[in-house]
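Residue numbers (the numbering used here): 291 to 421.
Printed below as a string of structure tokens:
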């Protein structure tokens, strides 16, 4: 019985390691569920009061994707979370121009670029690589 438990534990560990290594190279566009960390620089300017400004801060950006909706959480307290960004499955680039938002976001397995993405709350930019 002890041997069987050890074999089961070893197999479970190998499966978990395989999942961990494959998710490192996973392209978020191809997944329904994705969590990844990107490191680089980011900036933010509030469009509401103009008082909140963060320029070129070194950050870790945690990207969470559920379905077709992305959330970008910044490690800097000066840069608020950008959430509710919808991108079609299989697409790595969002280009949008509407009354609610405007900008470009590009994300893949290695790099995240947010080019002046603007909403009613503010404007975000980021350039980061996957860690």
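Backbone N, C-alpha and C define an ideal beta-carbon position, used for all residues, glycine too.
Values in this document were obtained by computation on a predicted structure and should not be read as measured data.
Roughly how many whole angstroms lie between the Cα atoms of residue i and residue j?
i, j, result
"residue 385", "residue 394", "5 Å"
"residue 341", "residue 365", "19 Å"
"residue 400", "residue 417", "11 Å"
"residue 406", "residue 335", "10 Å"
"residue 419", "residue 361", "17 Å"
"residue 375", "residue 396", "12 Å"
"residue 321", "residue 402", "16 Å"
"residue 357", "residue 377", "9 Å"
"residue 323", "residue 346", "29 Å"
"residue 379", "residue 316", "14 Å"
"residue 337", "residue 410", "7 Å"
Between the options, which has its C-alpha nearest residue i's C-alpha?
i, options, result
"residue 413", "332, 354, 400 and 398", "332"
"residue 372", "408, 398 and 382", "408"
Assuming residue i is part of the beta strand (DSSP E), what are its boundary residues?
i, result
"residue 401", "401-408"
"residue 417", "412-420"
"residue 319", "Taken as a continuous stretch (DSSP letters only), residue 319 belongs to no beta strand (DSSP E), as it is neither H nor E."
Touch test, the stretch 345-353 against the stretch 320-336, Cβ-Cβ under 8 Å, three pairs minimum: yes
Where in the stretch 329-367 do unbroken runs of the beta strand (DSSP E), each at least 3 residues long, occur, reported from the N-terminal end onward? 343-356 and 359-364
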